[in-house]
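What the sequence shown shows, in my numbering, is residues 21 to 205, in sequence order. Virtual Cβ for every residue (Gly too), placed ideally from N, Cα, C.
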Amino acid sequence: MSVSLLKPALPGIAMRRWRLLHRVKQSHAAQMFNVTQSTISRWESGVLAMDPAAHLQLEQLLAARLDTAADQALARLVCESARPVHLVCDLTHRLLACSASRAAQFASPLSELLGQSLWRFVTPEIASNELALDALGWRELQAPPALQFITGSNDSDLVPIRQSLCRWTRIPLSDGTAARLVETL
């Protein structure tokens with residue numbers, strides 16, 4: 021099961037938001053992407069679609085990292101939680117942090133899953149909710165605070181998902197990227 025990490029309408033918006041957060045001019049972004057400044061402008065306005073290589077490069081720029089002390093403190097809170105919770109990159113679904121009670125559900129050591137995308141373990145219900153995020157304004161400034169839904173279940177031994185009530189909370193990180201707190205309720 022696969023889903024494009026940046027929906028067709030989002031790359032230009034995401035590019036502009038990244039540039040503004042990091043104070044990068046279109047001309048500098050053009051150098052980074054090896055295109056003209058007018059191409060950056062057309063991507064941002066939605067007039068021109070990004071090619072796959074540029075799309076991948078943008079996804080790498082937007083992937084959540086826990087580089088600052090504040091973001092590392094968030095990861096510690098997740099790791100020390102008694103509840104089954106984990107933190108993933110909101111864009112790539114890479115596992116960033118995990119509580120011991122969530123890690124106990126996994127068949128492999130947590131060290132083998134950290135930094136890896138958990139997308140391959142999703143259920144149809146999780147995929148459906150992921151696809152609905154843009155319509156809900158999930159990545160906008162006035163994003164809904166959280167989303168609750170029934171997960172469905174998968175048949176994975178490595179990262180089993182049992183049908184349960186789940187809550188996703190989008191958390192902006194210090195560098196402007198976003199993480200997602202995933203809680204079993």
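Distance CB(alanine 83)-CB(arginine 114) smaller than 9 Å = One-based indexing of the sequence shown puts residue 83 at position 63. One-based indexing of the sequence shown puts residue 114 at position 94. Taking 9 Å as the Cβ cut-off, alanine 83 and arginine 114 qualify as a contacting pair.
key: Where histidine 75 sits in the DSSP three-state scheme   = Residue 75 sits at position 55 when you count from the first residue of the sequence shown. In the structure shown, histidine 75 falls within a helical segment according to DSSP collapsed to helix, strand and coil.
task = Keeping to the same chain, check which residues put their C-beta closer than 8 Å to that of leucine 111; ignore five residues upstream and five downstream.
result = For this step, residue 111 is matched to residue 91 along the sequence shown. Hits under 8 Å: Leu25, Leu26, Glu79, Leu82, Ala83, Ala84, Thr197 and Ala198.
task = Report the rounded CA-to-CA distance for leucine 107 versus alanine 89, giving the unit in angstroms.
result = The sequence position of residue 107 within the sequence shown is 87, counting from 1. The sequence position of residue 89 within the sequence shown is 69, counting from 1. One C-alpha to the other measures close to 16 Å.
request  = Could you tell me which residues DSSP pairs with threonine 204 in its beta bridges?
outcome  = Here residue 204 refers to the residue found at position 184 of the sequence shown. Answer by DSSP bridge pairing, in chain order: Cys186.
key: Straight-line gap, glutamate 64 to isoleucine 33 (C-alpha atoms, nearest Å)   = Walking along the sequence shown from the start, residue 64 turns up at place 44. Walking along the sequence shown from the start, residue 33 turns up at place 13. Counting only the Cα atoms, isoleucine 33 lies some 6 Å from glutamate 64.
inquiry  = Measuring CB atoms only, is the segment 166-173 touching the segment 186-196, in the sense that at least three cross pairs come out at less than 8 Å?
reply    = Yes, the segment 166-173 touches the segment 186-196.
key: Which listed residue (Ala117, Asp71 and Val142) has its alpha carbon closest to that of phenylalanine 53   = Numbered from 1 along the sequence shown, position 33 holds the residue referred to as residue 53. Residue Asp71 is the option with its Cα nearest to phenylalanine 53.
query = Skipping 5 residues on each side, what residues in its chain have a beta carbon closer than 7 Å to that of serine 173?
reply = Reading the sequence shown from its first residue, position 153 is the one you call residue 173. Beyond the five residues adjoining it in sequence on each side, serine 173 comes within less than 7 Å, by CB distance, of Thr143, Ile181, Arg182 and Gln183 in the same chain, given in chain order.
query = What separation, rounded to the nearest whole angstrom, lies between the Cα atoms of isoleucine 60 and proline 31?
reply = The count along the sequence shown starts at 1 and reaches residue 60 at position 40. The count along the sequence shown starts at 1 and reaches residue 31 at position 11. Just so you know, the alpha carbons of isoleucine 60 and proline 31 end up roughly 11 Å apart.
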